[in-house]
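Chemist:
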Amino acid sequence: MTERLFFTHDHLTAELEVLSCTPHEQQFAVILQSTIFHPQGGGQPFDTGWLGESTVLRVAQEADRVVHYVDRPLAPGPVTAQVDEQRRALHTRLHSAGHLIGNAGESLGWMPIKAHHWPGEGKITFIRGEAAQAMEAEALQQQLNQWIAADYPRHMNLEDGTREVGFGPLPAYACGGTHVQRLGELGQVTILALSEKKGALSVRYDVS
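Residues in the sequence shown are numbered from 1 upward in steps of one, following the UniProt record's numbering.
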């Protein structure tokens, strides 16, 4: 099992250990003992960056291993890893903003069932709870603005392989993604549109 270092810290550089490197469709699949690279999953895109002189093109979770697909082979042993900072920061802000929208929807009696935290495609989908209140874009925007202005700190808990992430007094979610350390780092989160279809309410959003 690959140890996911991003579960417990936000480092973008680290000295890691290459366990294996095998050719794969004109690329090379690298297995590390531990990784700072987030694989695609949980509604969040994969990180890119570098392992030594090799460019990390894609990162995937395959069974209990995180596989790093690179453009040139690596020898087993120590390697310096570096995550693309701008890409990670954008994905991190989108993911944390999605959590806030989930919190806001739940406070109105809606239950989040699906999250997509991709650039230009941010969307949280809810289903109506028994006592769901009307969800309106303007009120939702105001609630997000208040929480961001409060600059709530992140808190994380990792127990028996399950990791929960929350902000300040807001409820935490089981989550394997990356998140801002404080809500003030989000900048502007904008609610773009709400649409309801077949009993599901989708909230589209973006960060700037």
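Think of the CB as a built atom: it goes at the ideal place given N, C-alpha and C, for glycine as much as any other residue.
By how many angstroms is the C-alpha of Ala200 removed from the C-alpha of Phe37?
Modeler: Looking up residue 37 in the sequence shown gives position 37. Looking up residue 200 in the sequence shown gives position 200. Between Phe37 and Ala200, the C-alpha separation is close to 33 Å.
Chemist: To the nearest angstrom, how far is the alpha carbon of Ser54 from that of Pro39?
Modeler: Taking the first residue of the sequence shown as 1, we reach residue 54 at position 54. Taking the first residue of the sequence shown as 1, we reach residue 39 at position 39. In a straight line, the C-alpha of Ser54 is about 17 Å away from that of Pro39.
Chemist: Might you give, ordered along the chain, the residues of its own chain that have their beta carbon closer than 7 Å to the beta carbon of Leu186, omitting 5 neighbours on each side?
Modeler: Residue 186 sits at position 186 when you count from the first residue of the sequence shown. Hits under 7 Å: Arg93, Ser96, Ala97, Ile148, Val180, Val207.
Chemist: Less than 6 Å between C-beta atoms, sequence neighbours within five positions excluded: which residues of the same chain meet that for Glu85?
Modeler: Residue mapping note: residue 85 aligns to position 85 of the sequence shown, counting from 1. Cβ neighbours of Glu85 beyond the five flanking positions: Leu12.
Chemist: Could I get the ranges of all uninterrupted beta strand (DSSP E) runs contained in the stretch 111 to 171, with 3 residues as the minimum, in chain order?
Modeler: DSSP runs (the beta strand (DSSP E)) wholly in the stretch 111 to 171: 123 to 128, 154 to 159, 162 to 167.
Chemist: Do Arg4 and Asp47 count as a contact pair if the criterion is CB distance below 8 Å?
Modeler: Numbered from its first residue, the sequence shown carries residue 47 at position 47. Numbered from its first residue, the sequence shown carries residue 4 at position 4. No, the pair does not count as a contact, with Cβ atoms beyond the cut-off.
Chemist: From the DSSP output, read off the bridge partner residues of Glu196.
Modeler: Walking along the sequence shown from the start, residue 196 turns up at place 196. Paired residue(s): Leu201.
Chemist: Where does Ile101 fall in DSSP's three states?
Modeler: Here the question's residue 101 lines up with position 101 in the sequence shown. Of the three classes helix, strand and coil, the one that applies to Ile101 here is helix, per DSSP.
Chemist: Classify Gln27 as helix, strand or coil using the three-state DSSP reduction.
Modeler: What you label residue 27 is simply residue 27 of the sequence shown in a count that begins at 1. Gln27 falls in the strand class under three-state DSSP.
Chemist: Look at His117 and Gln188 and say whether their C-beta atoms are less than 8 Å apart.
Modeler: Here residue 117 corresponds to residue number 117 of the sequence shown, with the count starting at 1. Here residue 188 corresponds to residue number 188 of the sequence shown, with the count starting at 1. The answer is no: Cβ separation not under 8 Å.
Chemist: From Lys198 to Glu164, what does the alpha carbon distance come to, in whole angstroms?
Modeler: Position 198 of the sequence shown, counted from the start, is the residue given in the question as residue 198. Position 164 of the sequence shown, counted from the start, is the residue given in the question as residue 164. Lys198 and Glu164: Cα-Cα distance of roughly 30 Å.
Chemist: Excluding the five sequence neighbours on either side, which residues of its own chain have a C-beta within less than 7 Å of the C-beta of Asp71, listed in chain order?
Modeler: Sequence index remark: in the sequence shown, residue 71 carries index 71 (1-based). Excluding sequence neighbours, Asp71 sits near Gln27, Ser54, Thr55, Leu57.
Chemist: Please report the Cβ distance between Gly122 and Arg204, rounded to the nearest whole angstrom; I am assuming they are in contact, meaning their Cβ atoms lie under 8 Å.
Modeler: Taking the sequence shown and counting its residues from 1, one reaches residue 122 at position 122. Taking the sequence shown and counting its residues from 1, one reaches residue 204 at position 204. Yes, they are in contact, since the Cβ atoms of Gly122 and Arg204 sit about 7 Å apart, within 8 Å.
Chemist: Quick check: what's the CA-CA separation for Leu170 versus Pro153?
Modeler: Sequence index remark: in the sequence shown, residue 170 carries index 170 (1-based). Sequence index remark: in the sequence shown, residue 153 carries index 153 (1-based). Approximately 10 Å, taken between the alpha carbons.
Chemist: With a threshold of 6 Å on Cβ separation, who are the neighbours of Ser20 within its own chain once the five nearest residues in sequence on each side are excluded?
Modeler: On the sequence shown, position 20 is the one that residue 20 refers to. Once the five neighbours on either side are set aside, the close Cβ partners of Ser20 are Ile31.
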